[in-house]
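Here is the structure we will look at.
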Amino acid sequence: MGIATLDPGHTAHMLEALFADRLQIPSDSGEVVTCSLSECVPAEYRADGAVLYGSDEDRLAVITEVQLACDPVKRETWLAYIANMRARYHCPACLIVICPSDTTARWASKAIHTGHPGLTLTPLVIGPRNTPVITDVATAVGNIGLAAISAITHGQDPEIQTILATLTTALNSIDRSAAARYAEYVAVALTGDAQKEMERLMATTSFLYQGEYAQSLIAKGEAKAVVKVLKARGIPITDEQQARIQACSDIETLDRWVERALSVTTTEELFT
């Protein structure tokens, strides 16, 4: 799932803000289309997301690709993405490459010379340098897609905690299911301390849009609490029992186990 497919309208708003002088997106609402860009669908010819904007003669296909590191082999497939999308929908197509790191963004933005006279592909790249740091909630509410991209591309920024807090607050202004998808996408795209902070925000009881990913984070924390209480009380726990606790994803059951862990005399009593 690519970020473009989370909400085509938000994506269009974000792209217009970043590439106002280079990209014109038709005003009609976008349609999420297949991101398989070849007939036999080898893995390297599958983009992260694709949206078709406009109707009739005024259409534009937007392909999005998240690139976490430099990959010369993958880069050679990008022209094929555009060519296949043009052939399938008979309309102009453009490629957007999202790079969380500045090093990868600089690499991805280099022109790709095809060998055919006049045919050179210069990808439109989104990276830390051309994405604003958004720490104002009103600004984030006004452009949710850009706020999400800001969080993804500024994972190493000193203000990342404020950026993520701003994003999660702004997500309360949109549909809950859409907000959950954005939050989960950002959490997965981040790494290190930034990812841990996003997961912490998503696991709080005040988080209003609990998707499956957020629920799994809460369950993981509850399971850890059960094991920690048992060990702190000196209650013996086998590897099998610990694995059973950690495999549980039902929050009500885990809540019950946390309470029982405070008084049981054996770990087996926890499960009865």
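Take 0 as the starting number for the sequence shown in numbering that gives the first Met the number 0 and just add one per residue.
Don't be surprised by glycine CBs; every beta carbon is placed ideally from N, CA and C.
Residue closest to residue i, alpha-carbon to alpha-carbon, out of the options
i	options	result
I95	L166, L17, A177 and A224	L17
V132	P122, I143 and L123	I143
A193	E158, C98 and T168	E158
V140	E267, I151 and A169	A169
L229	R128, T203 and V263	V263
T167	E15, R199, G233 and M13	R199
I81	K73, E75 and C93	C93
T119	G233, A79, T134 and A150	A79
A249	T237, G220 and V124	One detail in the question is off: residue 249 reads as Asp in this sequence, not Ala. Of T237, G220 and V124, the residue nearest in Cα terms is G220.
E56	I62, A49, T76 and C90	C90
T163	T134, L123 and S100	Contrary to the premise, residue 163 reads as Leu rather than Thr in this sequence. Ranking the options by Cα distance to L163, first place goes to T134.
A222	G191, H12, R255 and G233	R255
Coil, strand or helix - residue i by DSSP
i	result
R243	helix
P41	Because the pLDDT at P41 is just 44, under 50, the model does not fix this residue reliably, and the value given afterwards should be weighed accordingly. P41 falls in the coil class under three-state DSSP.
D254	helix
V61	strand
I162	helix
I81	helix
A92	strand
A49	strand
I148	helix
E75	coil
T266	helix
Exposure label - residue i; buried when at least 16 CB within 10 Å
i	result
C39	The predicted model places C39 with a pLDDT of 43, which falls under 50 and marks its position as unreliable, so this point remains unresolved.
T103	buried
P71	exposed
K251	Note that residue 251 corresponds to Glu in the displayed sequence, not to Lys. E251 should be labelled exposed.
P116	exposed
T203	exposed
S149	buried
T63	buried
Check whether residue i and residue j have beta carbons under 9 Å apart
i	j	result
V65	D47	yes
L339	Q245	The shown model of the chain, from 0 to 271, leaves out residue 339, and the question about it has no answer.
T165	A146	yes
T138	C98	no
R175	L5	no
Own chain, CB closer than 7 Å to residue i, minus 5 neighbours either side, in chain order
i	result
L51	G29, E30, V32, R58, A60 and Y88
A68	T103
A186	Q194, M197, E198, M201 and Y212
V124	V96, C98, A104, A107 and S108
Neighbourhood of residue i by C-beta distance below 6 Å, restricted to the same chain and skipping five residues each side
i	result
T121	A110
L189	G154 and M197
A224	V257
A260	V225, V228 and L229
Cutoff 8 Å; reference residue i; Cβ partners in own chain excluding five residues on either side
i	result
P235	T265 and T266
R304	The structure shown does not extend to residue 304, since the chain is modelled only from 0 through 271, so no value can be given for it.
A218	C247, S248, D249, I250 and L253
Cβ of residue i within 9 Å of any chain C Cβ
i	result
E268	The structure shown contains no chain C; it is built from a single protein chain.
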